[in-house]
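Numbering (the working numbering), first residue to last: 20 to 139.
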Amino acid sequence: DPVAYFKTGATILWYEFKSTSTRNEVMSRPNFCGHQAGPRTIFSVDAVRGYRIADFSVFDDEEEVLFPPLTKLRVTAATKLINDPSETINVALSGHPDTIIVEQIVETPAVQEIPREGHT
């Protein structure tokens, strides 16, 4: 249940690189989330900092954006749209992909002087 797991206001971290797209319609393609039955989740990211890598993408019109490991996000909304996660044949019975809306948190790292030996 995404609503119970992704509570509004919660902070989450992506521990690995995440590939995303600036084009919503990409998610309906079979190579991505598609329209097949079964559990699926779409994250919608209000991004501040990411890396546009469209020139290197396998898919010409994907408009790919890559987020680095440890990207920090705040959940702003979660919607459960999957009716039956065990249904893998009929989309009408399975439901549509769950949706999680997040905003990226960018923190400025604190700068601290590190003393070196022999220097005061």
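All residues carry an ideal CB built from backbone N, CA and C; glycine is no exception.
Counted as a single uninterrupted DSSP element, the beta strand (DSSP E) harbouring Leu32 occupies residues 30-33. The DSSP assignment places no complete run of the alpha helix (DSSP H) inside the stretch 31-92 (cut-off: 4 residues). Taking a 10 Å sphere around the C-beta of Val22, we find fewer than 16 other C-beta atoms and assign the residue as exposed.
Exposure of Ser47 is indicated by the presence of fewer than 16 other C-beta atoms within 10 angstroms of its C-beta.
Under the three-state reduction of DSSP output, Val94 falls in the strand class. In the DSSP assignment, the residues bridged to Val121 are Val64, Val94. By the Cβ rule, the stretch 122-134 does not count as touching the stretch 72-84, because fewer than three pairs are nearer than 8 angstroms. Ranked by Cα distance from Tyr34, the first of Val121, Phe86, Leu112 is Phe86. With 16 or more neighbouring CB atoms inside 10 Å of its own CB, Thr90 falls in the buried class.
For Pro116, same chain residues with a beta-carbon under 8 angstroms away, outside a window of 5 residues either side, are Met46, Cys52, Arg59, Thr60, Ile61, Leu100, Ile101 in chain order.
Within the same chain, and ignoring the five residues on either side of Ile124 in sequence, the residues whose Cβ sits closer than 6 angstroms to its Cβ are Lys91, Arg93.
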